[in-house]
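In our numbering, the protein residues as written are 706 to 1166.
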């Protein structure tokens, strides 16, 4: 058996796909499909993640052993299987898929309802092959949706910083930290989603995201973190020794110029902020030359963050910046509980209304960043739009009367950027501007080599 669950590419499909090769019109020998977001929660999508999928799954050739396994499985499963056709992949194509995949440059921010990638076979006897692997291609919905959500939150935080902070560009990359690894449904989910977040930000605790960016996008180090406490490292000291736990954090990590974070709500967040950090340890924090980041982790986020800011301001003092907002001296806050798009807006509005700069606060986001979404968040779809029968291309589309939003596009398609910088989808031979879809895979050759820095540059606000 293969050493990985997903090692056999021919099994990375849906059951009913195995029977589809028998269902097309006689004489069919070519097929064209496309990927798009059909709208949903956001008006634009950050196109990202297909390169990772291609490099992970198409870098290894198909073998006869894979075909043997697939044939036996589908026979037992109750589905037909195109064994002779799949043997052709090995015997004629050396195990490499006879496909051409074109895609937009990754990181582009493209309005929904546009073509983002296209797939067609280069072997008439395997014209249906791109559709057979639809589930694999369409899983790009996940990193693209995470990148889209992360960028939307970045715009919210940026607006608050523009209003209330002096160093917007210096602050912004570290204002939303990825706390989502443990809430992700799998290691691959954590890696792809965490990497997608890093298209927009530089802060993460998802180590697999760093590995993915290095492996698939040639990025030596995509994100950064700081020493930070969890509840167990505080409560292990016992309630009566809570202050000793904080003193240990300061002794271990409170070096000049350093930043470290300490969760402080294990018992009474307000007492910890006011009496412990703000009184017993105040002078030591100041003398350390480090920046202490206090993390509340329970309660209503807006209420708790504002109250903590007020207590810290009374103990450590504030400086009024050029925009007239208060910035805490020596200390900051990070909110990591109950964080989502709505709560981020609410917390920032509350803080700024009270006169405190967004400079004082960062967010740690877990499940809502990497897990609280699905394919329908942006209504992702892969649809066949043309088929070649007896040498002639025919348009293919669906137009369900019960849901016009699912109407698909006909023809062989291309994404263009017109003279005004707008994105528009049209036929491959249309003269609508600069054609943007590039060949990223052809007949076993992986041509998708966007570097992470280029992806970030394209996605920048």
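All C-beta atoms in this analysis are idealised placements derived from N, C-alpha and C, irrespective of residue type, glycine included. Here the structure is a predicted model, which means the values were calculated and not measured.
Check                                                                                                                                  : Outcome
Closest residue to residue 1056 among 1022, 1093, 1095, 1013 (Cα-Cα distance)                                                          : 1013
Opening and closing residue of the beta strand (DSSP E) in which residue 900 lies                                                      : Segment 892 to 902 is the alpha helix (DSSP H) holding residue 900; no beta strand (DSSP E) there.
Contacts around residue 753, its chain only, beta-carbon distance under 7 Å, and the 5 residues preceding and following it disregarded : 811, 812, 848, 849, 852, 901, 904, 1160
With 16 other Cβ atoms within 10 Å as the buried cut-off, status of residue 706                                                        : Low confidence applies here, because residue 706 scores a pLDDT of 46, under 50, leaving its location unreliable; read the following figure in that light. Exposed, by the Cβ-count rule.
Residue 1075 beta carbon less than 9 Å from that of residue 895                                                                        : yes
Three-state secondary structure (DSSP) of residue 851                                                                                  : helix
Bounding residues of the beta strand (DSSP E) (the contiguous stretch that carries residue 997)                                        : 996 to 1000
Nearest to residue 971 (by Cα), restricted to the options 988, 999, 983, 1093                                                          : 999
Segments assigned alpha helix (DSSP H), at least 4 residues, entirely inside the stretch 921 to 947                                    : 936 to 940
Sequence-distant residues of its chain with Cβ nearer than 7 Å to residue 931 (five each side left out)                                : 964, 965, 966
Spatial neighbours of residue 790 in its chain, beta-carbon cut-off 7 Å, leaving aside the 5 residues before and after                 : 726, 830, 831
Span of the alpha helix (DSSP H), counted from its first residue to its last, around residue 771                                       : 769 to 782
Whole beta strand (DSSP E) elements within the stretch 861 to 895, 3-residue minimum                                                   : 881 to 883
Own chain residues within Cβ distance below 7 Å of residue 986, not counting five before or after                                      : 951, 952, 955
DSSP bridge partner residues for residue 1040 (one or two, in chain order)                                                             : 1068
Rounded C-alpha distance that separates residue 1058 from residue 864                                                                  : 14 Å
Boundaries of the alpha helix (DSSP H) in which residue 712 is found, first to last residue                                            : Looking at the DSSP string, residue 712 is not in any alpha helix (DSSP H), and its letter there is neither H nor E.
Short Cβ contact (9 Å threshold) for residue 1118 with residue 1130                                                                    : yes
Three-way DSSP call (helix, strand, coil) for residue 1078 in this model                                                               : coil
Pick from 770, 1007, 758 that is closest to residue 917, judged by C-alpha positions                                                   : 758
Residues bridged to residue 967 [DSSP beta-bridge criterion]                                                                           : 999
Span of the alpha helix (DSSP H) around residue 1121                                                                                   : It is not in any alpha helix (DSSP H) - residue 1121 instead sits in the beta strand (DSSP E) that spans 1118 to 1122.
From 840, 1061, 816, 915, residue whose alpha carbon lies closest to that of residue 1027                                              : 1061
In DSSP terms, what residue 742 is bridged to                                                                                          : 1085
Test item: CB-CB of residue 881 and residue 855 under 9 Å                                                                              : yes
Residue closest to residue 1120, alpha-carbon to alpha-carbon, out of 994, 721, 760, 814                                               : 814
The stretch 717 to 732 contacting the stretch 796 to 810, beta-carbon criterion three pairs below 8 Å                                  : no
Supposed contact pair residue 1077 and residue 1042 - C-beta distance, whole angstroms, cut 8 Å                                        : With a Cβ gap of about 14 Å, residue 1042 and residue 1077 do not count as contacting.
Buried or exposed by the 16-neighbour rule on C-beta atoms within 10 Å, applied to residue 929                                         : exposed
N-terminal and C-terminal residue of the beta strand (DSSP E) that residue 1146 is part of                                             : 1143 to 1147
For residue 844, three-class secondary structure by DSSP                                                                               : coil
Reduced DSSP category for residue 706 - H, G, I as helix; E, B as strand; rest coil                                                    : In this prediction, residue 706 scores a pLDDT of 46, lower than 50, which makes its location untrustworthy; the coordinate-derived value is nonetheless stated afterwards. If DSSP states are grouped into helix, strand and coil, residue 706 belongs with coil.
Residue 723 and residue 879 closer than 9 Å at C-beta                                                                                  : no
Residue 1099: first and last residue of the uninterrupted beta strand (DSSP E) it sits in                                              : 1097 to 1100
Distance, residue 760 Cα to residue 837 Cα                                                                                             : 18 Å
Residue 875 versus 1064, 820, 978, residue with shortest Cα-Cα distance                                                                : 1064
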